[in-house]
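J.:
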Amino acid sequence: MEDWARDDDQDDVADVDEIANEFDTPSTNDALPQLSSCKEVADVSAPTIKQQRPPLPVKPPIWAESRQEVCESFDYFRSYQSGVYSLKDIVKGYLLGGSPASRDIFHCGGRLIISHGGGKAESILDYRVGAARFQQAQDQEATDKSVRALLKSYTDKRPLVLLADEKYALFPFDLGASGCTYVVLGLYWISHAWAEYQPASNGCGRVVRWKFAFQWCEGQGSPWWTSFKSDDVDMLHDPVRGGLLIFSHSIFLTLEQIVDPSLPNAVANVTCNKCSQKSPIVYSQGWMCLNPSCTSFWSLGGRELEQLDYDTAFLRPIAMVFTNLPELRPAKLIEPMDSITTSYAFSKGWHCEKCGRLSSRFKWEHWECSNCHSIHKVPGRLRTAKEFWHQRPSVEYLHSHVGKQSGIVARRPEPFELGDGGGFTHYLTFILPHERGRIHLILGTPLANKQADEIFRQYQEQANEGELLLRRYPLRLVVRGTFLTNYFSQNSGEPYQYVGGTGNTVPFDKAPSSVCGALALIKERSRLALQKDIPFNEILSAAYMEKQKMSFHSDSEHGLGPVVASLSLGSAAFMHFRARATSKEPKHSSSNVLTLILRHGDVLIMEGGGVQQYYEHTVIPMNFRIAATARFIGTA
Numbered sequence: 003m004e005d006w007a008r009d010d011d012q013d014d015v016a017d018v019d020e021i022a023n024e025f026d027t028p029s030t031n032d033a034l035p036q037l038s039s040c041k042e043v044a045d046v047s048a049p050t051i052k053q054q055r056p057p058l059p060v061k062p063p064i065w066a067e068s069r070q071e072v073c074e075s076f077d078y079f080r081s082y083q084s085g086v087y088s089l090k091d092i093v094k095g096y097l098l099g100g101s102p103a104s105r106d107i108f109h110c111g112g113r114l115i116i117s118h119g120g121g122k123a124e125s126i127l128d129y130r131v132g133a134a135r136f137q138q139a140q141d142q143e144a145t146d147k148s149v150r151a152l153l154k155s156y157t158d159k160r161p162l163v164l165l166a167d168e169k170y171a172l173f174p175f176d177l178g179a180s181g182c183t184y185v186v187l188g189l190y191w192i193s194h195a196w197a198e199y200q201p202a203s204n205g206c207g208r209v210v211r212w213k214f215a216f217q218w219c220e221g222q223g224s225p226w227w228t229s230f231k232s233d234d235v236d237m238l239h240d241p242v243r244g245g246l247l248i249f250s251h252s253i254f255l256t257l258e259q260i261v262d263p264s265l266p267n268a269v270a271n272v273t274c275n276k277c278s279q280k281s282p283i284v285y286s287q288g289w290m291c292l293n294p295s296c297t298s299f300w301s302l303g304g305r306e307l308e309q310l311d312y313d314t315a316f317l318r319p320i321a322m323v324f325t326n327l328p329e330l331r332p333a334k335l336i337e338p339m340d341s342i343t344t345s346y347a348f349s350k351g352w353h354c355e356k357c358g359r360l361s362s363r364f365k366w367e368h369w370e371c372s373n374c375h376s377i378h379k380v381p382g383r384l385r386t387a388k389e390f391w392h393q394r395p396s397v398e399y400l401h402s403h404v405g406k407q408s409g410i411v412a413r414r415p416e417p418f419e420l421g422d423g424g425g426f427t428h429y430l431t432f433i434l435p436h437e438r439g440r441i442h443l444i445l446g447t448p449l450a451n452k453q454a455d456e457i458f459r460q461y462q463e464q465a466n467e468g469e470l471l472l473r474r475y476p477l478r479l480v481v482r483g484t485f486l487t488n489y490f491s492q493n494s495g496e497p498y499q500y501v502g503g504t505g506n507t508v509p510f511d512k513a514p515s516s517v518c519g520a521l522a523l524i525k526e527r528s529r530l531a532l533q534k535d536i537p538f539n540e541i542l543s544a545a546y547m548e549k550q551k552m553s554f555h556s557d558s559e560h561g562l563g564p565v566v567a568s569l570s571l572g573s574a575a576f577m578h579f580r581a582r583a584t585s586k587e588p589k590h591s592s593s594n595v596l597t598l599i600l601r602h603g604d605v606l607i608m609e610g611g612g613v614q615q616y617y618e619h620t621v622i623p624m625n626f627r628i629a630a631t632a633r634f635i636g637t638a
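Note that my numbering gives residue 118 to position 116 of the sequence shown, counting from 1, and the numbers run on in steps of one.
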């Protein structure tokens, strides 16, 4: 049986790869008494006014300050945009956030949570180029990706993980005041699923929304936010009535202590005489057909009601026992059998056992908690260039591919003498249209790569020891929380604004030997290829663990000189060029005009300011790779 918690998806984006998820079949435990509703515990339902909530009484066992920290460190939720994270139509995680819809509730101290989910909410679509576009709310359908996955999890009775962010208004405590943006609530299962109408500002004035009732999985203890003494927090603001909620002591009891075995457990279902489908009795006002395709949908006696209350029986917890519930706290990595610590697993974040914080790995030499600064280091061996000789990119070309409509001219490879016993190699030249510049690729060879081999070794050694401070720096994006680059870097020489400018730059006289060696090699190869000296005064060292990459960008720094050159070390990588998007021609950004395969010891030269002005590029390594890119940046 495959492990439900296993992480086979190795891309930090939602729903890219699919994995098989198996979970032990849940069963009703006849030994447990029937469960009643938590009558003594006040509900927290959709608020009409801003509520004043106390800070958390305890620290969450799993929490984070940014969504990236969650997605990189917590395998049960890796969706950067959607609130539902699913793989192969099985939901692994569900994020509660923002303002709840009508009849969303946080019931029985969070043991029962009803939420609307599945997407198609009112939104503003923003584009990299062009004007933003408003998108109205739309009806959710059972065939929608997220709704379909949630319904399958409901049918299969598969547990999933609920998370909440600081904007989730129904959580009884203020996460932001406690320094938490995201918290993991625990494992839940979907006990009920149904459709209903919700008000909307679209043309119809309403939309179909699917509701899901999430019930706490027994066997994982009580919810962590209830594990404090009852006199610590006695009153919470009631967002509906404007008064105070008096939280009964039963919120701190076990589920067995609030059971009333005399009450029935099953929710009654009624068959619709129009569509012949069964719907549960959800509301105390009476039964309604909850099939969106039925003409009687959401109609009670031929009319729609604005004010509805949940039926008491519908809110009663259902006795359900799951075996083999997984441990949600991510385990620490240990040294692997092959001692390779540049694989994908080592690029991911980690969970601090001391304070519970999820942190992205932002330092090359070790993991460090962004909250309490605890450190976890796993020793590993140095990689050699020989380890990547076996790489065979699954493409039909050996070094390059030119797009048919690109206008780029590829010159025939020319022999190239390296000097100093380096022997001969070849270099390729690609002439860009409209005199925009040239791109040169100087190929490395086993004989010519002796210097590159030593630089590769020094880079790893000095980075592992902390002499070379490789870091993942924040991107300049308008997002909630910090968002780090998908690679490690360190800048030397003149400040480079792309990686944070002066604060993230080391002067050449303090740069380690690996950086100085890379700069010397780049200068020498550039001089031989261009027949002139290039006064490079800045070099950016970038390191990529497996699955990391640099997204499309252009080296359009203010004051940038016309020549940019880089040295490739380690794994092969694909370098794609595409035309920069403009407000007049935004579609040009979608297709690659030139692709190069960069291998260990290769030196790439971009010659001419038009390369950066009219094109942008991305680098996608096949495995562990280090690159050093040199520039001249004017200081005037």
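A virtual CB, placed ideally from N, CA and C, is assigned to each residue, including glycine.
How would you label Tyr-312, buried or exposed, when you count the other beta carbons within 10 angstroms and need 16 or more for buried?
T.: Against the sequence shown, residue 312 aligns to sequence position 310. Answer is buried; the Cβ neighbour count reaches 16.
J.: Would you decide whether Leu-37 is buried or exposed? Buried here means 16 or more other CB atoms lie within 10 Å of its CB.
T.: Position 35 of the sequence shown, counted from the first residue, corresponds to residue 37. Low per-residue confidence applies at Leu-37: pLDDT is 37, beneath 50, and the placement is therefore not dependable enough to give any value.
J.: Roughly how many angstroms lie between the CA atoms of Val-60 and Phe-175, to the nearest whole one?
T.: In the sequence shown, residue 60 corresponds to position 58, counting from 1. In the sequence shown, residue 175 corresponds to position 173, counting from 1. If I take the Cα positions, the gap works out to 10 Å.
J.: At 4 residues or longer, what runs of the alpha helix (DSSP H) sit wholly inside the region 424-503?
T.: 452-466
J.: Mind checking whether Gln-217 and Pro-319 have CB atoms under 7 Å apart?
T.: In the sequence shown, residue 217 corresponds to position 215, counting from 1. In the sequence shown, residue 319 corresponds to position 317, counting from 1. The answer is yes: Cβ separation under 7 Å.
J.: Quick check on DSSP: helix, strand or coil for Thr-631?
T.: Indexing the sequence shown from 1 puts residue 631 at position 629. Looking at Thr-631 - three-state DSSP - the assignment turns out to be strand.
J.: Would you give the residue range spanned by the beta strand (DSSP E) that Glu-609 belongs to?
T.: In the sequence shown, the residue the question calls residue 609 occupies position 607. Unbroken beta strand (DSSP E) run through Glu-609: 605-609.
J.: Report all residues from its chain with a CB closer than 7 Å to the CB of Gly-85; omit the five preceding and five following residues, and keep chain order.
T.: The residue you call residue 85 lines up with position 83 of the sequence shown. These residues qualify, in order along the chain: Tyr-96, Leu-97, Gly-99, Gly-119.
J.: Would you mind sorting Leu-89 into buried or exposed? The rule is 16 or more other CB atoms within 10 Å of its CB.
T.: Along the sequence shown, one-based indexing puts residue 89 at 87. With 16 or more Cβ atoms within 10 Å of its Cβ, Leu-89 is classed as buried.
J.: Measure from the alpha carbon of Ser-298 to the alpha carbon of each residue in Gln-140, Ser-278, Ile-107, then state which is nearest.
T.: Numbered from its first residue, the sequence shown carries residue 298 at position 296. Cα-wise, what sits closest to Ser-298 is Ser-278.
J.: Bridge partners for Asp-176 per DSSP, in chain order?
T.: For the purposes of this step, residue 176 is identified with residue 174 of the sequence shown, where counting begins at 1. Answer is Pro-57.
J.: Out of curiosity, what's the CA-to-CA distance linking Val-209 and Ala-139?
T.: Your numbering for residue 209 matches position 207 in the sequence shown. Your numbering for residue 139 matches position 137 in the sequence shown. Using only the alpha carbons, I get a separation of about 7 Å.
J.: For the candidate residues Pro-448, Val-613, Pro-564, whose alpha-carbon lies nearest to that of Gly-572?
T.: Locating residue 572 in the sequence shown gives position 570, where the first residue counts as 1. Among Pro-448, Val-613, Pro-564, the Cα nearest to that of Gly-572 is on Pro-448.
J.: Can you find the residues in the same chain that come closer than 6 Å, C-beta to C-beta, to Phe-249, ignoring five residues on each side of it along the sequence?
T.: As a working mapping, residue 249 is identified with position 247 in the sequence shown. Model confidence at Phe-249 stands at a pLDDT of 37, short of 50, so the residue's coordinates are unreliable and nothing is read from them.
J.: Round the Cβ separation of Lys-525 and Phe-538 to the nearest angstrom and send it over; I've been treating them as touching at under 8 Å.
T.: One-based indexing of the sequence shown puts residue 525 at position 523. One-based indexing of the sequence shown puts residue 538 at position 536. Lys-525 to Phe-538, Cβ: 6 Å. Contact.
J.: In this structure, how does DSSP classify Thr-507 when only helix, strand and coil are distinguished?
T.: Working through the sequence shown from its first residue, we reach residue 507 at position 505. Three-state result, Thr-507: strand.
J.: Just grab the DSSP bridge partners of Ser-361 for me.
T.: The count along the sequence shown starts at 1 and reaches residue 361 at position 359. Answer is Trp-352, bridged to Ser-361.
J.: One question on the structure: do Cys-219 and Trp-196 come within less than 7 Å of each other, judged by their Cβ atoms?
T.: Indexing the sequence shown from 1 puts residue 219 at position 217. Indexing the sequence shown from 1 puts residue 196 at position 194. In this structure, Trp-196 does not lie closer than 7 Å to Cys-219 by Cβ.
J.: Specify, as a first and last residue, the run of the beta strand (DSSP E) that Gln-70 falls within.
T.: The count along the sequence shown starts at 1 and reaches residue 70 at position 68. Taken as a continuous stretch (DSSP letters only), Gln-70 belongs to no beta strand (DSSP E), being part of the alpha helix (DSSP H) at 69-75.
J.: Over the uninterrupted alpha helix (DSSP H) stretch that includes Leu-530, give me the two end residues.
T.: For this step, residue 530 is matched to residue 528 along the sequence shown. Leu-530 -> alpha helix (DSSP H) spans 515-532.
J.: By a C-beta neighbour count over all protein chains shown, 10 Å radius and 16 as the cutoff for buried, is Met-339 buried or exposed?
T.: In the sequence shown, residue 339 corresponds to position 337, counting from 1. Counting Cβ neighbours within 10 Å, Met-339 comes out exposed, since fewer than 16 surround it.
J.: If we ignore side chains and look at the alpha-carbon of each, how far apart do Tyr-489 and Val-72 end up?
T.: Numbered from its first residue, the sequence shown carries residue 489 at position 487. Numbered from its first residue, the sequence shown carries residue 72 at position 70. In a straight line, the C-alpha of Tyr-489 is about 18 Å away from that of Val-72.
J.: On the three-state DSSP scale, how would you describe Gly-288?
T.: On the sequence shown, position 286 is the one that residue 288 refers to. The answer is strand: DSSP assigns Gly-288 an E or B state.
J.: Express the C-alpha separation of Gln-464 and Leu-471 in angstroms, rounding to a whole number.
T.: For the purposes of this step, residue 471 is taken as residue 469 along the sequence shown, with counting starting at 1. For the purposes of this step, residue 464 is taken as residue 462 along the sequence shown, with counting starting at 1. Cα-Cα distance, rounded: 8 Å.
J.: Quick one: give me the first and last residue of the alpha helix (DSSP H) that Val-149 is part of.
T.: For the purposes of this step, residue 149 is taken as the residue at position 147 of the sequence shown. Val-149 -> alpha helix (DSSP H) spans 147-158.
J.: Taking its Cβ as the centre, do 16 or more other Cβ atoms sit within 10 Å of Phe-426, making it buried, or is it exposed?
T.: Within the sequence shown, the letter at position 424 stands for residue 426. So Phe-426 counts as exposed.
J.: In the DSSP output, which residue or residues are listed as bridge partners for Tyr-96?
T.: Within the sequence shown, the letter at position 94 stands for residue 96. The partner list for Tyr-96 (beta bridge, DSSP) reads Val-86, Leu-164.
J.: Can you tell which of Arg-527, Leu-523, Glu-496 has its C-alpha closest to the C-alpha of Lys-512?
T.: Locating residue 512 in the sequence shown gives position 510, counting from the first residue. That would be Glu-496, whose Cα lies nearest to the Cα of Lys-512.
J.: Hey, is the region 161-169 in contact with the region 287-296, meaning 3+ C-beta pairs nearer than 8 Å?
T.: no
J.: So who's on the other strand from Tyr-312, going by DSSP bridges?
T.: For this step, residue 312 is matched to residue 310 along the sequence shown. Answer is Tyr-285.
J.: Enumerate in chain order the residues of its own chain whose CB-to-CB distance from Glu-416 is below 7 Å, with the five nearest sequence positions on each side excluded.
T.: For the purposes of this step, residue 416 is taken as residue 414 along the sequence shown, with counting starting at 1. The answer, listed in chain order, is His-428, Tyr-429.
J.: Tell me whether the beta-carbon of Met-624 lies closer than 7 Å to the beta-carbon of Val-566.
T.: Locating residue 624 in the sequence shown gives position 622, counting from the first residue. Locating residue 566 in the sequence shown gives position 564, counting from the first residue. One thing to note: Met-624 has its Cβ no nearer than 7 Å to the Cβ of Val-566.
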